[in-house]
Amino acid sequence: MRSHASVMHLDLDAFFASVEQRDKPSLRGKPVVVGGVGGRGVVSTASYEARRYGVRSAMSTREARSRCPHAAFLSPRFHAYRAVSDVVMGLMRELSPLVEPLSLDEAFVDLVAADLPDLEVATVGAVAEELRSRVADATGGLTASVGVGTSKFIAKVASDLDKPDGLVIVPPGAELDLLRPMSVTIIPGVGPATAERLRRAGITTVADLEAVSLDELVRITGRAHGAGLYALARAQDDRPVVPERETKSVSVEGTYDTDLTDRPLMEQLLTRQAGEVAARLKKSGLSGRTITIKVRLHDFTTLNRSTTLPSPTDHAGTIARLARALFADLVEAGDTSGGVRLLGVGVSGLADWIQEDLFGDSLEPEDEPAPDLPDPGLTRRSREGWQPGMDVVHRELGRGWVWGAGRGVVTVRFETARTPAGPVRSYAADDPDLTPWRPDGS
DNA sequence: TCTGGGGTCCTAGGACCC
DNA sequence: TCTGGGGTCCTAGGACCC
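In terms of the UniProt record's numbering, the first sequence has 275 at position 275, counting the first letter as 1, and numbering is strictly consecutive.
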């Protein structure tokens with residue numbers, strides 16, 4: 001905890017809905033609900049007019065419609081929100097280089113890195129009001145709620161105290177008086193499950209939490225969580241404002257209006273999602289080793305299956321093939337027989353380099369249909385361009401595909417084994433028995 | 001016809017290595 | 001014949017956040 005209130009948290013009020021009302025004057029003053037409009041959609045943001053009818057974020061759109069049938073129900077327009085967000089983040093960066101966005105509509109600003117005469121409450125208060133006013137000017141009237149305190153935790157709690165269009169500064173030393181009467185759910189990381197466990201232990205307020213020993217908290221909530229709660233209950237929070245964070249995973253998923261049972265269709269959907277993931281990886285210059293599929297069944301049971309390659313990939317064909325193989329395992333185990341409501345594909349274990357960089361020249365055509373048809377004009381040197389997913393033929397063992405490649409070694413899985421977990425064989429990258437497979441048999 | 005989509009972090013168990 | 005630890009990687013599931 002700092003000696004001055006120098007961490008600011010800014011939160012744009014009812015952000016998606018406010019942008020819609022700004023862009024469509026006929027919606028101003030009326031209930032607006034932004035979210036999924038399909039049969040299984042949920043609410044992303046409700047305008048304050050809609051909240052009066054009990055419409056909330058994360059509520060099913062079906063329920064929102066029944067609570068507020070006359071609201072305007074809109075699909076999100078992310079490009080518009082991103083543009084507004086960029087403007088607001090830019091205004092904060094003019095204040096301080098240390099800006100940590102949490103989402104399109106929220107960020108922390110470290111005022112220690114701002115060019116201010118001092119960090120007294122009056123000074124940071126004036127700065128915060130100035131920022132709020134600039135946000136409104138630059139965005140066509142959007143309002144922001146701002147909190148300032150001695151830590152991220154306090155700043156975030158403060159920004160929530162006077163929503164919408166509010167400013168709350170918690171002076172140094174006032175933190176515990178503020179927190180103690182509040183529900184434990186004010187603490188980031190305390191969701192429904194943790195709150196229920198704490199409640200069963202008789203802990204409902206921050207004051208209750210403060211009275212519990214570290215050992216007891218660890219027993220109730222686990223090691224990492226317990227330590228975090230113990231500190232936050234005492235307003236101890238030294239987390240820095242971090243402007244850049246590394247992406248850890250990239251994923252695409254979709255929930256379908258009716259449960260799916262048609263396997264070829266599901267494979268097609270996974271293949272398409274793999275292509276979207278690959279495109280996003282490439283756009284970011286990323287590649288990853290672990291491919292994960294997510295399958296949510298008709299009863300909302302969620303299954304994840306993953307497999308890890310020896311080297312990273314950003315190839316649509318490779319990701320798709322592995323996703324389908326993982327899915328095949330679930331289908332063959334009978335897990336999907338009751339129908340599937342959601343399918344997803346993700347890549348994690350990201351590296352900020354791609355396979356091509358390791359070997360110099362790449363043989364792969366830029367992308368789809370990718371691994372199935374490598375350039376026929378291979379030279380010995382360029383054969384180090386083996387890519388995971390590429391089809392190959394071994395002189396004796398027949399057709400297989402490249403599981404991993406790197407450091408002069410290529411690992412091959414043969415067609416007889418269908419699941420990614422099965423055995424593979426490794427060869428020197430220039431092993432003459434191994435050649436790329438071509439559909440004409442040449 | 002309750003329950004999105006994009007993420008992050010944690011836990012626990014097993015494999016494997018030293 | 002009994003029986004270590006620690007560390008790392010991988011997989012699966014779950015909680016949580018906006």
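Note that the Cβ used here is the ideal one computed from N, Cα and C, for glycine as well.
As the structure is a computational prediction, the values presented were derived from the model and not from experiment.
Taking a contact as a CB-CB distance under 8 Å, the pair A14 and T45 counts as one, their CB atoms being some 6 Å apart.
Closest in C-alpha terms to K294, from the list V157, M92, V345 and P117, comes V345.
In this structure, A278 keeps its C-beta atom at 8 Å or more from the C-beta atom of I220. Along the length of the stretch 201 to 245, whole alpha helix (DSSP H) runs at least 4 residues long occupy 206 to 210, 214 to 221 and 223 to 232, reported in chain order. For V146, the closest C-alpha among the options V55, W401 and L161 is that of L161. Setting aside the 5 residues that flank it on each side, E106 is surrounded in the same chain by H9, L10, D11 and L12, each with a C-beta closer than 8 Å to its C-beta; the list follows chain order. A residue is called buried once 16 or more other Cβ atoms fall within 10 Å of its Cβ, and R132 is buried on that count.
When the Cα atoms are used, L343 and D137 turn out to be separated by approximately 42 Å. Collapsing the DSSP output to three states places L198 in a helix.
Take the alpha-carbon of E267 and the one of M390: they are about 19 Å apart.
The C-beta distance from M182 to T150 rounds to 16 Å, too long to meet the 8 Å contact threshold. The Cβ atoms of C68 and P101 do not sit closer than 8 Å to each other. Pairwise C-beta distances place the stretch 216 to 234 in contact with the stretch 174 to 192, as three or more of them are shorter than 8 Å. Positions of the beta strand (DSSP E) runs, each at least 3 residues long and wholly inside the stretch 261 to 298, are given as 287 to 297 in order along the chain. Around G228, the same chain offers G189 as residues with beta carbons nearer than 7 Å, after the five sequence neighbours per side are excluded. Unbroken beta strand (DSSP E) runs of no fewer than 3 residues, entirely contained in the stretch 102 to 184, are found at 106 to 110, 144 to 149 and 167 to 169, following chain order.
Sequence-distant partners of L27 (beyond 5 residues in either direction) whose C-beta falls short of 7 Å from its own C-beta, in its chain, are E20, Q21 and A72.
Exclusion of the five residues before and after S3 leaves T150 and P172 as the residues of its chain whose Cβ lies within less than 8 Å of its Cβ. Around the beta carbon of K152, 16 or more other beta carbons lie within 10 angstroms, which makes this residue buried.
Of the candidates V241, D165, T336 and G36, the residue whose Cα lies closest to the Cα of R263 is T336.
V347 sits close to T290, with the two beta carbons spaced by under 8 Å. Inclusion of I203 and V184 in the CB contact set at 8 Å is warranted, their separation being smaller than that value.
In the structure shown, Y81 falls within a helical segment according to DSSP collapsed to helix, strand and coil.
Residue nearest to G285 within the set L350, H225 and R223 is L350 (criterion: CA-CA distance). By the neighbour-count criterion, in which 16 or more other beta carbons inside 10 Å mark a residue as buried, R200 falls on the exposed side.
In the DSSP assignment, no residue is bridged to L95. Between V392 and W437, the C-beta gap is smaller than 8 Å, which places the two residues in contact. The bridge partners DSSP lists for P436 are V392. Comparing alpha carbon positions, the residue from L322, V157 and L326 closest to L167 is V157. In the structure shown, the three-state DSSP call for F73 is strand.
Under the three-state reduction of DSSP output, A325 falls in the helix class.
A distance below 8 Å between beta-carbons, with the five flanking residues on each side excluded, links S6 to the following residues of its chain, in chain order: D110, L111, V112, L119, V124, V148 and T150.
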